[in-house]
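Worksheet for the structure shown next.
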Amino acid sequence: MAAAAAATFLPHTPTPRRRLAVAVHSPTRHRLSLVFSGPPDGALSVAAAEEKADAGEEAAASAPRGGGGGGGGGGGKERRRVVRKAWEKLVRWSRSWRRRNRSDVVETTRKVVVLGGGSFGTAMAAQVAAKKVDLEVSMLLRDDLVCRSINHSHINCKYLPDHRLPENITATTSASDALAGADFCFHAVPVQFSSSFLEGISTHVDPKLPFISLSKGLELNTLRTMSQIIPQSLGNPRQPFIVLSGPSFAVELMNKLPTAMVVASKDKKLAAAVQQLLASPNLRISTSNDVTGVEIAGALKNVLAIAAGIVEGMHLGNNCMAALVAQGCSEIRWLATKMGAKPTTLSGLSGSGDIMLTCFVNLSRNRNVGLRLGSGEKLDEIMNSMNQVAEGVSTAGAVIALAQKYHVKMPVLTAVARIIDNELTPKKAVMELMNLPQVEEV
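By UniProt numbering, the letter at position 166 of the sequence shown is numbered 166, and the numbering carries on one by one without gaps.
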């Protein structure tokens, strides 16, 4: 369990190397001192020394020890020793890996632009701005009030009023000013408005500027994902593209709580560069080349979150919640794999990780929409009361059209789309789903 937790949350940034105090035989301890006292540039020799140390420790762990038979005390000590060795081995591997994979991406990056001023775009702007004080982070907004608030008070007064932003973040309503000289671009405009927005700024976009998409969803009329919308709207099929996804709430990023996400791109080097740009002690970034899997999982989980909220709003209990989310996960897997996604992606951060966060936590906008629908409120009333977009509402219809295109049955997500279209009540939807044929689980 400790190793699994470490694999998710070990920080990327190098930490001071210290001699590790370990209660093992002196030959092993001597090897460990070589590992942690050696010069930082000798990464390969360090790795070799670590492997020898690990081999010595494993041999020591497998050696027979007296007194292990009776009362259980010796056995407990042995188990603790084995766990401690596994943890120390993991930490040494982590430090060695970081020494061998240092990058100058942050040093060479001079300017980053963020398109959109919502909570998540603002949180990512703050994340990048904190990497170094002389990094220019420009936010392109359409709201003059938020623009002035960021420039004068260093606060996004509309979406994150309780969090002060780094002073190297500036805001503007001018696309030419925001995009001039940018090394990376974060796209945080809602999916349904992205096409027209990008067409309007396309003349100011460098054809080699990497776009990192933070937007999750499908365009309703065309069923396009952001990896299709961005290059087509900019008129450049070769526009570098990366998608960032995973279980993450903006407010927790602002509070510097441990978070793990994934960046996906067909360009492995570009994904690695964005990984280094974003990684910090509180944000772990994994890489992937499965753009389709990351995008489809990110879009469909919002629709499933509405279903989970409906179950909560109707007080249908934990059994029902677990069954519904499990069925929804299967439906997402069926469609995504038909579209070419990797099953491993769907069980990772952008799949299962994001689904768990969005379906079970009250900070989720989509879950809250479902919660209020299940409580009897009308969709129009709910949407008019919100100051941020719940992408699952507009994505639901597109998901069903996509499912029909790929000949995939999606009962739960189809029910959500019909509830949103006011063609089915939540109570009737639950009854219909429970009366579906009893079939083999797949």
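Glycine is no exception: its CB is placed at the ideal position from the N, C-alpha and C atoms.
Here the structure is a predicted model, which is why all the values come from computation and not from measurement.
Secondary structure of residue i, DSSP reduced to three states
i: L209; result: coil
i: V442; result: coil
i: S176; result: helix
i: T287; result: strand
i: E423; result: coil
i: M410; result: coil
i: Q388; result: coil
i: V133; result: coil
i: D143; result: coil
i: E78; result: helix
i: L304; result: helix
i: E88; result: helix
i: L165; result: coil
i: E312; result: helix
i: E377; result: coil
i: P437; result: coil
i: T28; result: Low confidence applies to T28: its pLDDT is 39, below 50, so where it sits in the model is not reliable, and the reading given next is rough at best. Three-state DSSP puts T28 in a helix.
i: G68; result: With a pLDDT of 46 at G68, under the threshold of 50, the modelled position of that residue is not reliable, and the figure given next carries that caveat. Here G68 sits in coil by DSSP.
Per DSSP, the bridge partner or partners of residue i
i: C185; result: V113, F211
i: T170; result: S138
i: L160; result: N156
i: I382; result: None; I382 has no bridge partner.
Residue span of the alpha helix (DSSP H) that contains residue i, given as start and end
i: T395; result: 391-405
i: T108; result: 105-108
i: L357; result: 354-360
i: V430; result: 426-434
i: E331; result: 317-338
i: L371; result: 365-374
i: G121; result: 119-129
i: G200; result: 191-201
i: P343; result: 343-346
Residue from the options whose Cα sits closest to the Cα of residue i
i: S176; options: L115, L220, C157; result: L115
i: A396; options: Y406, S385, D380, A415; result: A415
i: G392; options: V369, G376, D380, N168; result: V369
i: R164; options: A336, T172, S202, S149; result: S149
i: K158; options: Y406, C147, L220; result: C147
i: Y406; options: M383, P237, M339; result: M339
i: L145; options: V303, V442, I155, E136; result: I155
i: L209; options: S119, P281, A178; result: A178
i: D267; options: I212, E440, I419; result: I212
i: R238; options: E252, S265, S103; result: S265
i: S103; options: L436, A273, D421; result: A273
i: A305; options: M314, L357, T292, H315; result: L357
i: D183; options: T108, G217, N255, L335; result: T108
i: S195; options: Q327, R224, V291, V82; result: R224
i: G376; options: L278, H315, A326, L140; result: H315
i: I296; options: A307, L253, Q228; result: Q228
i: M139; options: A180, W93, K131; result: A180
i: E440; options: E78, S385, S330, I201; result: S330
i: I310; options: V189, S202, K342, G374; result: G374
i: V251; options: N362, Q275, G353, M226; result: N362
i: P426; options: I382, L371, V399, M410; result: L371
i: K131; options: R367, K256, I400, P207; result: K256
i: M231; options: E199, N319, A129, F249; result: Note that residue 231 is Pro in the sequence shown here, rather than Met. Of the candidates E199, N319, A129, F249, the one whose C-alpha sits nearest the C-alpha of P231 is E199.
i: M386; options: L402, R367, A401; result: R367
i: M383; options: A129, Q327, I420, K428; result: I420
i: S280; options: A86, K89, R98, G75; result: R98
Short CB-CB distance (under 8 Å) between residue i and chain C
i: D143; result: Protein chains in the displayed structure number just one, and chain C is not present.
- Item | Start-end ranges of the beta strand (DSSP E) lying completely within the region 208-281, minimum 3 residues | Every unbroken stretch of the beta strand (DSSP E) spanning 3 or more residues and falling wholly within the region 208-281 is given here in chain order: 211-213, 241-245, 259-264.
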